[in-house]
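In the working numbering, the protein residues as written are 163 to 1147. Where a beta carbon is used, it is the ideal one built from N, C-alpha and C, also for glycine. In this text, all values refer to a predicted model and were calculated from it rather than measured experimentally. Shown next, in structure tokens, is the structure this report addresses.
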């Protein structure tokens, strides 16, 4: 059925009857995957009280007899109105305890005979009745008794399911041996534990109990015990169920000889009980009974709870064998040792602690096990009070009693015996280590933990620092499940009709990888799948559809019997609690986590984190996040020379944040404006510092993909910087994609040509970057189209004399010049230069740049005299207005250096004086001098051996070198004969 709550009584199809309210109701209730409010019904006719819920997708109604009102008659009173109130019940199960009837011939195998704690299912499979009235028949004078009363067999759907279950059991596919775990995750867990093999005693039928009821069999004759193969401690891990006939009557059987007669009358019955006949009067049912006694005079209540729990058979604990072995060894060791289990919230620490508690209780029944939650001081003290009441410590109920001191003293007394105390959820170590509110000076909860050579302490915590504070080096890190254990957790948590989904390895692996094999995340997702009747693949699609949707899935509330009722179950909420603790203790750690949540989750460089002057604070902040298992560190050396030089080794640190933590924190930090930090730390693409900023790019690109950033203008600067960095690294295709993305955002935010928009220059600037990039990529047609588009926009929006317009004209002219369209390029250059001179004057950088661009065009149209005149004018203006070292001045010279490298130009000897003048005007510039030397070499080849002209050029360069710097290599310029001698003159 779907995951929606049934709306009426007619929607329930399975009835679960547990006659003994104080014993059998709890296991039944814990079997429910979820509970529903009971639908309205006619309470004038039906005075029963019901519990409703689902089990593996089936809508189930649970009912029990009034306390003390057992037997066939009361069962009939219960089920008569029940089946009318719930008219569509198709299957009924009667689950509880019963008396075991040992087999007439003792089997060779210990698991084949009936033992206390076993389960008998009423279905012999021999064509005979499942249940019989052992009191209804004909008594003959010769002592024979002929049975005449039988009960209808169970519904065929239940017997069919039972057949499959039996087959699975034979193949080892069932997990009965550990299916008591959910039962034992309650405050009354102790009552369902195995009482121990030494308490499983079967006496011969003729030997009656000695002593009062419930006094144990210490006075009974041990020689009268039935000799049969004994079960071992290993068998405690195996839940044994038998299929056989069940005898029902109206009286409790406490006579072994009568019991054996019933076995003979009922053709080998394995169990005797007293409610099945009452239920059958209304509907067929399957009877399931846990064996709590041997239906003899030795009967006591020791096995009743364990048997009831086995009959209910709830879900299971999976994996963690290595950790369980370590903890078990710790408990068995001498001395009062402490052990701590730590790990990320939701990894299964509490479940592991519960499992070791159950195993300890089963394997060491003589050892008392106590559970103390350390969520708060109040929880700790309440647990101590319950321990005191359980142990019946004198004066514990006194309002003025010091409960903590009394409990500590009792457990610290060696005469008490063996014990195990589990302190769960010790995440906030201030609860245990801080002075108590209202207590004596210096009193702490940690000081009230008991100490005894016969005791053991186990702590669970999310924080590795707390683990070491509590248990020194005796700590266990609990990580994610391995793949196989994760699959088993998923399988056991899914309703039965969905469990086959785990067999699709591709889908199951993708599902588990997505949830990082984290225990609580798997349990939460399985609950969502069960409740909403969907497939694993559908859950994956929902999760991956959007970040917001994934965060909502991680925040879905669900019910889990193994977790505290007062605590929220969603995995995201679990981490929010940890984040609150971090925020209150370490503001820098909280700031770092907030920042990391706004980057990609892998390889976050330490240098990218917000700057903190104190190295100690930064180290502690990183340590805090690692202690909570939110982040892990990855170390690697980026400087290859560091391998060879230890003294100069540069070890770079970076971090990964857990993917689900990353997602959950982002959901909480949507209001935080951390994106601006990335905008500031990503440079404009300085090639000299590329080793530092290259690792930042994946994080900047990740932020660029966040929908919230798309809706704001703060991402444009970041996009532009990323594009510049990609260009600097030669990643042209990536840069093109970035600029296109920037253009889409700019147009979306500001429009293409809205004069009233102050920021629409970003749109134009982005178009300009994209046009330049297309030009560099030789996408000339696209580049020209973009520049023409920009020119049209700037003319319309800003006018012809605006810097944007003139700059675009220069870019377009440069492109046309590169395409050998000289006439068009020259006209645009002259137009832009005229506008620049008019608007900004001759000495403005835009004007000087325009003059240089025009010179390039004139060079290719062989207008050398105009070039020389323009060169002298431009360089003089640049030096006067901007200085020798200004980029625009250097750019002007760069243009003319390029011209001198052209063979056509160096043929024009009139430029020789221009070169010398340029060098002298610019002052020291070694790079330019070297370029001039190359130009002279080019002149030799271009002019032939015109010594007069060559010498003039040489003299100009040599003079510059003497003026600037002698270390350039002046000897290579003198004397003339030496320089020419290598050329055969």
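- Around residue 622, the same chain offers 503, 511, 512, 515, 586, 587, 588 as residues with beta carbons nearer than 7 angstroms, after the five sequence neighbours per side are excluded.
- Residue 759 and residue 786 do not touch by the CB rule: their CB atoms are close to 15 angstroms apart, not below 8 angstroms.
- Distance from the CA atom of residue 821 to the CA atom of residue 792, rounded to whole angstroms, is 9 angstroms.
- Rounded to whole angstroms, the Cβ separation of residue 659 and residue 218 is 7 angstroms, and the two are in contact under 8 angstroms.
- Across the structure, residue 990 and residue 971 are spaced so that their CA atoms are roughly 6 angstroms apart.
- Residue nearest to residue 687 within the set 630, 715, 554 is 715 (criterion: CA-CA distance).
- Collapsing the DSSP output to three states places residue 456 in coil.
- With respect to the C-alpha of residue 492, the residue from 552, 439, 1035, 619 having the closest C-alpha is 619.
- By the criterion of at least three beta-carbon pairs nearer than 8 angstroms, the stretch 683-697 is in contact with the stretch 649-669.
- If only complete runs of 3 or more residues are kept, the stretch 473-538 shows the beta strand (DSSP E) at 499-504, 530-535, in order along the chain.
- Beta-bridge analysis with DSSP links residue 220 to 217.
- Per the C-alpha coordinates, the member of 904, 397, 710, 651 positioned closest to residue 685 is 651.
- Checking the DSSP bridge columns, you'll see residue 404 partnered with 282.
- Taking C-beta atoms as the reference points, residue 179 and residue 221 fail to come closer than 8 angstroms.
- Contact between the stretch 262-280 and the stretch 309-326 is not established, with fewer than three Cβ pairs separated by less than 8 angstroms.
- Counting only residues of its own chain and dropping the five nearest sequence neighbours on each side, residue 597 has a CB closer than 8 angstroms to the CB of 603, 604, 605, 606.
- Residue pairing for residue 254: DSSP places it in a beta bridge opposite 177.
- Beyond the five residues adjoining it in sequence on each side, residue 765 comes within less than 6 angstroms, by CB distance, of 816 in the same chain, given in chain order.
- For residue 373, there is no enclosing beta strand (DSSP E), as DSSP marks it with neither H nor E.
- Setting aside the 5 residues that flank it on each side, residue 669 is surrounded in the same chain by 698, 699, each with a C-beta closer than 6 angstroms to its C-beta; the list follows chain order.
- In the structure shown, the three-state DSSP call for residue 202 is coil.
- The beta-bridge partner set that DSSP reports for residue 597 consists of 606.
- With distances taken between CA atoms, residue 429 lies nearest to 408 out of 449, 413, 408, 441.
- The beta carbon of residue 744 lies closer than 8 angstroms to those of 751, 752, 755, 786, 787, 790 in the same chain, with the five residues before and after it left out.
- Following the DSSP letters along the chain, one finds residue 419 inside the alpha helix (DSSP H) bounded by residues 418-427.
- Contact between the stretch 400-415 and the stretch 433-440 is established, with three or more Cβ pairs separated by less than 8 angstroms.
- Residue environment analysis places residue 316 among the buried positions, since at least 16 neighbouring C-beta atoms fall within 10 angstroms of its C-beta.
- Following the DSSP letters along the chain, one finds residue 583 inside the beta strand (DSSP E) bounded by residues 581-586.
- Sequence-distant partners of residue 640 (beyond 5 residues in either direction) whose C-beta falls short of 6 angstroms from its own C-beta, in its chain, are 503, 505, 509, 511.
- In the three-state reduction of the DSSP assignment, residue 565 falls in the helix class, which pools H, G and I.
- Spanning the alpha carbons of residue 666 and residue 675 requires a straight line of approximately 14 angstroms.
- In the structure shown, residue 434 falls within a strand segment according to DSSP collapsed to helix, strand and coil.
- Contact between the stretch 189-207 and the stretch 367-381 is absent: fewer than 3 CB-CB pairs across the two stretches fall below 8 angstroms.
- With contacts defined by Cβ atoms closer than 8 angstroms, residue 458 and residue 500 do not form a contacting pair.
- Here residue 240 is buried. Its C-beta has 16 or more other C-beta atoms within 10 Å.
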